[in-house]
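A.B. asks: Just passing along the structure, written as structure tokens.
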Amino acid sequence: MNHKAKLHFCIFLLVSLLAGVATLNAQNRSVLNRPGSTPDPNVQYDRNGRVIPKANRQDTGFKRRDDLKDSISIYYKLYDSTRVLYLDSTINDFSRRYPVPADYVSLGNFGTAARSLLFKPNLKPGWDPGFHAYDIYRLNIEDTRFYQTNRPYTELGYMLGGKSEQMVNIVHTQNVNPDFNLAFQYRFINSPGSFKNQNTNHNSFRINGNYTSKNRRYHSYGIYITNKLLSSENGGIRFDTLLDDNRFSDRFLIPTRLGGDPLAGRNFFNTKVNTGNIYRESIFLYKQQYDFGQKDSIIVNDSTTFRLFYPRIRFQHTLKYSKQQFEFLDQAIYSAKKAEYREFFNYTLLKDTVDFKDVWNEVVNDFSIISFPEKNNLNQFIRVGAGIQNLSGNFTAFSKNYYNAYLSGEYRNRTRNQKWNIIANGQFYLAGLNAADYDAQVSLQRELGPKLGSIQLGFQNVNRSPSFVFRRESSFPVITSPDFNKENTTRLFGSIINKAGKFSLNAEYYLVSNYTYFDNFFSAKQEGTLFNILHISGQKLFKLSRLWSISSEVHLQKETGNPPVNIPLFYTNNRINLEANLYKNLYLATGLEVRYHSAFKTDNYSPFIGQFFYQENYTVTNRPVINAFFDFNIKSFRAFVRAENLNALRVSPGNIGFTKENIAVQHYPTQGLWIRLGIWWTFVN
Numbered sequence: 003m004n005h006k007a008k009l010h011f012c013i014f015l016l017v018s019l020l021a022g023v024a025t026l027n028a029q030n031r032s033v034l035n036r037p038g039s040t041p042d043p044n045v046q047y048d049r050n051g052r053v054i055p056k057a058n059r060q061d062t063g064f065k066r067r068d069d070l071k072d073s074i075s076i077y078y079k080l081y082d083s084t085r086v087l088y089l090d091s092t093i094n095d096f097s098r099r100y101p102v103p104a105d106y107v108s109l110g111n112f113g114t115a116a117r118s119l120l121f122k123p124n125l126k127p128g129w130d131p132g133f134h135a136y137d138i139y140r141l142n143i144e145d146t147r148f149y150q151t152n153r154p155y156t157e158l159g160y161m162l163g164g165k166s167e168q169m170v171n172i173v174h175t176q177n178v179n180p181d182f183n184l185a186f187q188y189r190f191i192n193s194p195g196s197f198k199n200q201n202t203n204h205n206s207f208r209i210n211g212n213y214t215s216k217n218r219r220y221h222s223y224g225i226y227i228t229n230k231l232l233s234s235e236n237g238g239i240r241f242d243t244l245l246d247d248n249r250f251s252d253r254f255l256i257p258t259r260l261g262g263d264p265l266a267g268r269n270f271f272n273t274k275v276n277t278g279n280i281y282r283e284s285i286f287l288y289k290q291q292y293d294f295g296q297k298d299s300i301i302v303n304d305s306t307t308f309r310l311f312y313p314r315i316r317f318q319h320t321l322k323y324s325k326q327q328f329e330f331l332d333q334a335i336y337s338a339k340k341a342e343y344r345e346f347f348n349y350t351l352l353k354d355t356v357d358f359k360d361v362w363n364e365v366v367n368d369f370s371i372i373s374f375p376e377k378n379n380l381n382q383f384i385r386v387g388a389g390i391q392n393l394s395g396n397f398t399a400f401s402k403n404y405y406n407a408y409l410s411g412e413y414r415n416r417t418r419n420q421k422w423n424i425i426a427n428g429q430f431y432l433a434g435l436n437a438a439d440y441d442a443q444v445s446l447q448r449e450l451g452p453k454l455g456s457i458q459l460g461f462q463n464v465n466r467s468p469s470f471v472f473r474r475e476s477s478f479p480v481i482t483s484p485d486f487n488k489e490n491t492t493r494l495f496g497s498i499i500n501k502a503g504k505f506s507l508n509a510e511y512y513l514v515s516n517y518t519y520f521d522n523f524f525s526a527k528q529e530g531t532l533f534n535i536l537h538i539s540g541q542k543l544f545k546l547s548r549l550w551s552i553s554s555e556v557h558l559q560k561e562t563g564n565p566p567v568n569i570p571l572f573y574t575n576n577r578i579n580l581e582a583n584l585y586k587n588l589y590l591a592t593g594l595e596v597r598y599h600s601a602f603k604t605d606n607y608s609p610f611i612g613q614f615f616y617q618e619n620y621t622v623t624n625r626p627v628i629n630a631f632f633d634f635n636i637k638s639f640r641a642f643v644r645a646e647n648l649n650a651l652r653v654s655p656g657n658i659g660f661t662k663e664n665i666a667v668q669h670y671p672t673q674g675l676w677i678r679l680g681i682w683w684t685f686v687n
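Here's what the structure looks like:
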């Protein structure tokens, strides 16, 4: 299906759903449980997280529909979590609905490779393919929501930006019956960008469900995810000085290092990748549990009984299958481009087509036994488990099978009075590809009271094999050493959260040894010297008046010695908001966002291996990023208008416009003035 067909299909699907649901909800007056707010004190939940009905109710745990007040009771839990969460109703924080976090920088276009300005090392032991530049655009297992809702709920989102940039996000969930919920999500991202050969096209799909048997003994969770991430690579602009040349006020005219200038076109609806990265992923996970414990029930009336079950011992099996493909492809090879590869990337082309590809198949079987010491508290449990991971890698010249055998354990205890929250878990790889990898962590959180808030302290130590892209078996042309040692990272962390004072303070201290990294387009290295990094951050909401407020976030980072890590000393993100409730149902928020980081030596980027790499010769000194926004909410309808990168304004003789772009990555300018419009519309049937 070409892009026009996809575009027409998405628009047709969006309009059809809007029309269909609007017909069913001609007078929609939904009232949602808002996230971050205190749950309704009149609603009680059992140990399985379901609503316990009041004596005068006639349902089986869900709110009864009131024709005079169209209400919904909906909440969710993330995969492998017992914490109950609620839907997001904020309208002043765009980053909650935008896949790119505020602290990330990309190659200049929505959907391109991105990295965080904050130090975030890989803390996952075991097998890892090593390609993470597009992780923020993926749907994954960890962020899967398992809902419980008394009525079908649908959210339709559509965003339109400059150069025909667009994002479609559709979420739907409903309970087939009180014990069986299904959820669906589809996300489409397409953006041509301002420069040559910068188009992106991402499609992600997820369907998941959870089921509990009538006797409450059997539980099952299923997830199916596909991610298809397509991103053209232009290698950056040839010379940064061209940004100041009046002849190139149209940024598409600036020559780039990859992509083939003679072949480059201005078709904004082009989704084909002739030169770039193509990542595909499919994941299937099925977790099932069987409990032994104590039965109980609540009699609502003569005809209705609410069954309860308190598990004491749980047997759990998880089956996971995934297929992942990582590919860099360049089909537009000609004599001049071969010279460009040598000049800009010091790489000699031997063929007329460049194709680096790793394909992985993974099967995991995990078995666990879980004990619940207190029947009335499912948030306290002890788990012990073991698993087998079978891997099949297909590379350019050969295929090879690997395996891992591991043990795992976990203890959690969120006390019934909600004052203590203890989490301790570990994983150790006994044998196989990643033998002797491990992860051990513990955290302790204590509620000190409404005025003092809570305090958390924690420790984590991870010993992990370098990602597979650092190994010689990979098809990607990485110049590496065959004897890289295991990385070891110790993380000490703590936080103070005060909801009454509307602030939080956080600190992280890292001790890192055998840090593996890239130092040019194809070369990998390992830092044997131990180094440490301190990261301190704080968030605070300043209430200036009834309508005006400032939300501020500040980060300080400092490394010791001279480690191969590029991070700014200072980063801040601030929002100046005017929030008002007008005409009963109209909520609006308008203001400015200001983000800034101190000057630092930023990473460069290798499109061929999909990695950001360390460099010491180029320093970025950017202007603060300034965005203006206007968001409003009318009942179930939300909309926003954003004018981004106002800081790009240039005023000079003969050159007035928004052409003073920041540089996020060496040779990769960010966008100039960028207008985005979007809507989010929720429907309750």
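Numbering (my numbering), first residue to last: 3 to 687.
Note that the Cβ used here is the ideal one computed from N, Cα and C, for glycine as well.
1) Looking at the structure shown, is R625 part of a helix, part of a strand, or coil, going by DSSP?
2) Could you name the residues of the same chain whose beta carbon sits closer than 6 Å to that of V622, not counting the 5 residues immediately before and after it, in chain order?
3) Quick one: what's got a C-beta closer than 7 Å to R259's C-beta in the same chain, skipping five residues either side?
4) Nearest CA to the CA of Q187: which residue from N199, V178 and V173?
5) Are the segment 400 to 415 and the segment 86 to 94 touching by the rule of at least three beta carbon pairs closer than 8 Å?
6) Looking only at its chain, what residues have a beta carbon closer than 6 Å to the beta carbon of V33, apart from the 5 residues adjacent to it on each side?
7) Our contact map puts K662 next to A650 with C-beta atoms below 8 Å; I'd like the distance itself, whole angstroms only.
8) For the segment 411 to 428 against the segment 441 to 449, do three or more pairs of beta-carbon atoms, one drawn from each stretch, fall closer than 8 Å, so that the two count as touching?
9) Give me the Cα-Cα distance between S497 and L513, rounded to the nearest whole angstrom.
10) Hey, quick one: how far does the beta strand (DSSP E) through R414 stretch, first residue to last?
11) Could you check what DSSP says for E555 in three-state terms: helix, strand or coil?
12) For Y670, name the three-state secondary structure that DSSP assigns.
13) For A438, does the count of other Cβ atoms within 10 angstroms reach 16, so buried, or fall short, so exposed?
14) Along the chain, where does the alpha helix (DSSP H) that runs through S337 open and close?
15) Count the other C-beta atoms from every protein chain shown that fall within 10 angstroms of the C-beta of G680, then say buried if there are 16 or more, exposed otherwise.
16) If distances are taken between C-alpha atoms only, which option among N490, V627 and Y292 comes closest to E595?
17) Looking at the unbroken beta strand (DSSP E) that takes in W129, where does it start and where does it end?
18) Can you check which of these residues, F254, A591, K122 and G674, is closest to G163 by C-alpha distance?
19) DSSP on V471, reduced to helix/strand/coil?
20) In terms of residues, what are the limits of the beta strand (DSSP E) holding A433?
21) Say whether the segment 281 to 289 touches the segment 136 to 143, bearing in mind that this needs 3 or more beta-carbon pairs closer than 8 Å, one atom from each stretch.
22) List the residues that DSSP assigns as beta-bridge partners of Q187.
23) Alpha carbon to alpha carbon, how far is T109 from L245?
24) Considering only heavy atoms of the ligand GTP, does any lie closer than 8 Å to the CB of Y598?
25) For V107 versus L119, is the C-beta distance shorter than 9 Å?
26) Leaving out five residues before and five after N508 in sequence, what residues of the same chain have Cβ atoms less than 6 Å from its Cβ?
27) Tell me which same chain residues have a C-beta within less than 6 Å of the C-beta of Q541, skipping the five on either side of it?
28) Measuring CA to CA, which of F572, G128 and A388 is closest to R597?
29) In whole angstroms, what separates the C-alpha of G563 from that of D332?
30) Counting along the chain, where does the beta strand (DSSP E) carrying Y139 start and finish?
31) What would DSSP say about R218, mapped onto helix, strand or coil?
32) State the DSSP-derived secondary structure class of R493, mapped to helix, strand or coil.
33) Identify whether K165 lies in helix, strand or coil by the three-state DSSP scheme.
34) State the Cα-Cα distance for the pair E376 and F369, rounded to the nearest angstrom.
35) Which of the three DSSP states is assigned to L675 in this structure?
36) Once DSSP output is grouped into helix, strand and coil, what is the label at N248?
C.D. replies: This is what the structure gives:
1) coil
2) T604 and I665
3) N236, G237, G238, R240, E342 and F346
4) V173
5) no
6) Low per-residue confidence applies at V33: pLDDT is 37, beneath 50, and the placement is therefore not dependable enough to give any value.
7) 5 Å
8) yes
9) 18 Å
10) S401 to R416
11) strand
12) strand
13) exposed
14) S337 to F347
15) buried
16) V627
17) Premise fails: W129 is in no beta strand (DSSP E) and is neither H nor E.
18) G674
19) helix
20) W422 to G434
21) yes
22) V173 and R208
23) Checking the displayed sequence, the identity of residue 109 turns out to be Leu instead of Thr. Looking at the two C-alpha atoms, the distance is approximately 15 Å.
24) Ligands displayed in this structure: none; no statement on the ligand GTP is therefore possible.
25) yes
26) S497 and S539
27) S506 and E555
28) F572
29) 40 Å
30) Per DSSP, Y139 belongs to no beta strand (DSSP E) and is neither H nor E.
31) coil
32) strand
33) helix
34) 22 Å
35) coil
36) helix
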